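Those protein sequence lines, which keep their order, are chains A and B.
Using the working numbering, the letters of the first sequence map in sequence onto residues 61 to 425.
Using the working numbering, the letters of the second sequence map in sequence onto residues 61 to 425.
Notes follow the structure.
2 protein chains.
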Amino acid sequence: MTRRVVNFYAGPAGLPLPALERTRDELLDFAGTGMSVMEISHRSKEYEAVHDEAIALVRELMGLPANYKVLLLQGGAHLAFGMVPLNLLRHGRKADYITTGNWAERAFAEAKLVAGDRVREAGSTKKEKFARLPKAAELKFDPEAAFVHFTSNNTVEGTQWQQFPATGKPYVCDMSSDIMWRKFPVEQFGLIYAGAQKNLGPSGVTVVIVRDDFLAMCNAEGLPSYLGYPIHAEKNSLYNTPPCLGIYILRNVLAYNKSIGGLAAIEANNRRKGALLYGCIDRHAGFYKPFVTEKADRSFMNVDFFLPTKDLIDLFVKEAKKNGMIGLKGYRDVGGIRASIYNAVSVADVETLVAFMEGFVKRNG
Amino acid sequence: MTRRVVNFYAGPAGLPLPALERTRDELLDFAGTGMSVMEISHRSKEYEAVHDEAIALVRELMGLPANYKVLLLQGGAHLAFGMVPLNLLRHGRKADYITTGNWAERAFAEAKLVAGDRVREAGSTKKEKFARLPKAAELKFDPEAAFVHFTSNNTVEGTQWQQFPATGKPYVCDMSSDIMWRKFPVEQFGLIYAGAQKNLGPSGVTVVIVRDDFLAMCNAEGLPSYLGYPIHAEKNSLYNTPPCLGIYILRNVLAYNKSIGGLAAIEANNRRKGALLYGCIDRHAGFYKPFVTEKADRSFMNVDFFLPTKDLIDLFVKEAKKNGMIGLKGYRDVGGIRASIYNAVSVADVETLVAFMEGFVKRNG
């Protein structure tokens, strides 16, 4: 019997057990080929079926309109931080970036490397340590900006845009840590990118969703070929050898997501998990102090909170680990506790954490 | 009982069965963590141990001197085609490229995108369809070139530099399809890159080996951060989330390589496999026609040959498949048969192929 822990890591993070079991069971012999999926040509019909199914499942689960392409690339959000401005901003175009946390700031800094002063910060809550999202009145957009970049969920700080910012412009969005947590109207998005390692699959796969007009805006002239989005769109992400094993596992995760009722079922689970965990924090507001200052900005993916002392934080992490709960130590910039409760974390997992938190406050509160 | 075929794919290609079995057995619970290796933080001590072991095994198996760094990146050789000139050639430096096949030409074309006329073709056998490597007298080097780029094994055409070209310059080398096939004196190499999906592991991992003086020559100024080699060297390839699962499998493959006697044992196997297969081709020289025109240039990794007619080629592929041998169809630019016999293809596998070839020539010769 395999022992499995309750996994609250912020990413790489837990994946659905049935998707992992399928991966294990087929590891030496995939689709009746007598090979592992990592041993077969990416030009074979067996691999291409997986590749196409992964893309079709992204489309289906998210309800993407026909004028969006799905690309499966490499390099994570970090490479996307660079590819977005390399494709969209080298030739005089301008953009606004909303910086709402550690990763949003990195996206902005990388865009400045490429486009300098043509990218502007449209708003930031850095003075408040990113403990809330900016209000509409705090955002100022450049009328000449071609798009507004934002980060839909701030993994480090635990804020999430429940309503996307009112910009009047197309969005470009880093959705690495909350893609597939719920369905949303995609029409205002020109481009979405997401490293797989939170809600989608293993690290090493990057999902890019791009609207046809944004694809047409991409200018890959003079760029090394891998760095241009259009070639990947034209070749169905088979321009070069893709990360086949990672894409296969992405397919397994998405097929599992579909089997349990798609994003409607996943969202219901996520809302229940959030209600349980924030409910516990709010019940013991004198003991558990949320990092995020505005309830409306709370993330359903990453829940950051403090305990009264540093010693209690350390004890919490230690005792939780003893009880089979892993990955609760907060990110270095914030400290405290961070419970990441991505899609693969079950309601029962959160109930386990909440029961532990109730006991902990009784013993130490 | 898992059925396994004999795998002659050119890449992604077969991997050693014990390395795959270890991957399967640990897939739900890695290193006693109760998690898959793809579910655990890349900052955890358990993952870092794997990461460091993979790097240490590259060093040990290849016998790398202390003044080389090993980086584990993403994007395959394609992204490396761009990263090499972006790091080394943007600021007036010059380089020579030897173009000996399909992939060598791509490397050259990508370098020209970045550095224009500052990269020169030092020699090419394109007029002969790359069916041999250039002779020393056919190579002309620019005295101002900072390095000479070459492709150590030409996957498509089936040529391999048994003696590296005499250049008097440091090498930069695409070793994607023959890294780890034998030990070689590494001192003349300034930088080596290799997509993992032939001799190392799954696609989605790129191994880069860089000499300290070449690392110091890298200028990442103004590049999106992911594209600079120095940041990855400084952060031990943990600047961003690495492709953890792929690196773990790389570690499993290399640990297996070490367990069977390292590169000395692997080279002996490879030479035996080459002798068996080329022996059969040469015995039936009227029937099996090698694509490569110079015996000295023959590859121990990819063996290209023709049969008298297109129909016989198709029949060969079909009957081989019926006998459990996969991946023998030649690359579209060359046609014919290509048997890729990377490290994970055993002597017994090649004996199976040779026995089939002997029977085929008897029935159809």
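Every residue, glycine too, gets a C-beta built ideally from N, C-alpha and C.
Fair warning: this is a prediction, and the values are worked out from it, not measured in the lab.
Distance, Tyr157/A Cα to Phe168/A Cα: 6 Å
CB contact flag (Val232/B, Gly255/B, <7 Å): no
Backbone secondary structure at Glu99/A - three-state DSSP: helix
Contact between the region 189-207 of chain A and the region 340-356 of chain A (3+ Cβ pairs under 8 Å): yes
CB-CB length for Lys333/A against Val421/A, believed under 8 Å: Rounded, the Cβ-Cβ distance is 19 Å, inconsistent with contact.
Contact set for Gly136/B: own chain, Cβ-Cβ below 6 Å, skip 5 residues either direction: Gly255 and Thr266
Rounded C-alpha distance that separates Arg153/A from Asp202/A: 12 Å
CA nearest to the CA of Arg242/B, picked from Met417/B, Leu413/B, Phe68/B and Gly123/B: Gly123/B
Thr369/B, buried or exposed, once every other Cβ within 10 Å from all chains shown has been counted against 16: exposed
Local conformation of Leu251/A per DSSP, three classes: strand
Simplified DSSP state of Arg392/A, which is helix, strand or coil: coil
Below-7 Å beta-carbon distance, Pro78/B vs any chain A residue: no
Three or more C-beta pairs below 8 Å linking the region 369-380 of chain A and the region 304-312 of chain A: no
In DSSP terms, what Ser400/A is bridged to: Asn362/A
Contacts around Met240/A, its chain only, beta-carbon distance under 6 Å, and the 5 residues preceding and following it disregarded: Asn259
Chain A contacts made by the region 243-264 of chain B, where a contact means CB separation under 8 Å: Gly255, Gln257, Gly261, Pro262, Ser263 and Gly264
Run of the beta strand (DSSP E) containing Phe207/B, from where it starts to where it stops: Ala205 to Thr211
Three-state class that DSSP yields for Ala408/B in the structure shown: helix
Asp156/B: first and last residue of the uninterrupted beta strand (DSSP E) it sits in: Lys154 to Thr159
Three-way DSSP call (helix, strand, coil) for Arg271/B in this model: strand
Below-7 Å beta-carbon distance, Pro290/A vs any chain B residue: no
In chain order, each alpha helix (DSSP H) run of at least 4 residues that lies wholly inside the region 298-361 of chain B: 304-319 and 322-343
Distance between beta carbons of Ala404/A and Leu75/A, contact taken as under 8 Å: 5 Å
Asn214/B and Gly161/B closer than 7 Å at C-beta: yes
Closer than 7 Å to chain B by CB, Gln134/A: yes
N- and C-terminal bounds of the beta strand (DSSP E) containing Leu131/B: Tyr128 to Leu133
Close beta carbons around Lys389/B, own chain, < 8 Å, minus the five adjacent residues each side: Val377, Ile397 and Arg398
Selection of the region 367-387 of chain A by Cβ proximity to chain B, strictly under 9 Å: Gly384, Ile386 and Gly387
Cutoff 7 Å: Arg64/A Cβ touching any chain B Cβ: yes
Burial state of Gln470/B (16 or more Cβ within 10 Å): Since the displayed chain B opens at 61 and closes at 425, residue 470/B lies outside it and no answer follows.
Interface flag, Ser184/B vs chain A, CB-CB below 7 Å: no
Chain-ordered neighbours of Ala73/A on chain B, where CB pairs are closer than 7 Å: Glu99
Whether Val66/A touches Met385/A by CB criterion (7 Å): yes
Where the beta strand (DSSP E) containing Gly183/B begins and where it ends: Val179 to Ser184
For Met417/B, three-class secondary structure by DSSP: helix
C-alpha distance - Gly321/B paired with Asp85/B, whole-angstrom precision: 23 Å
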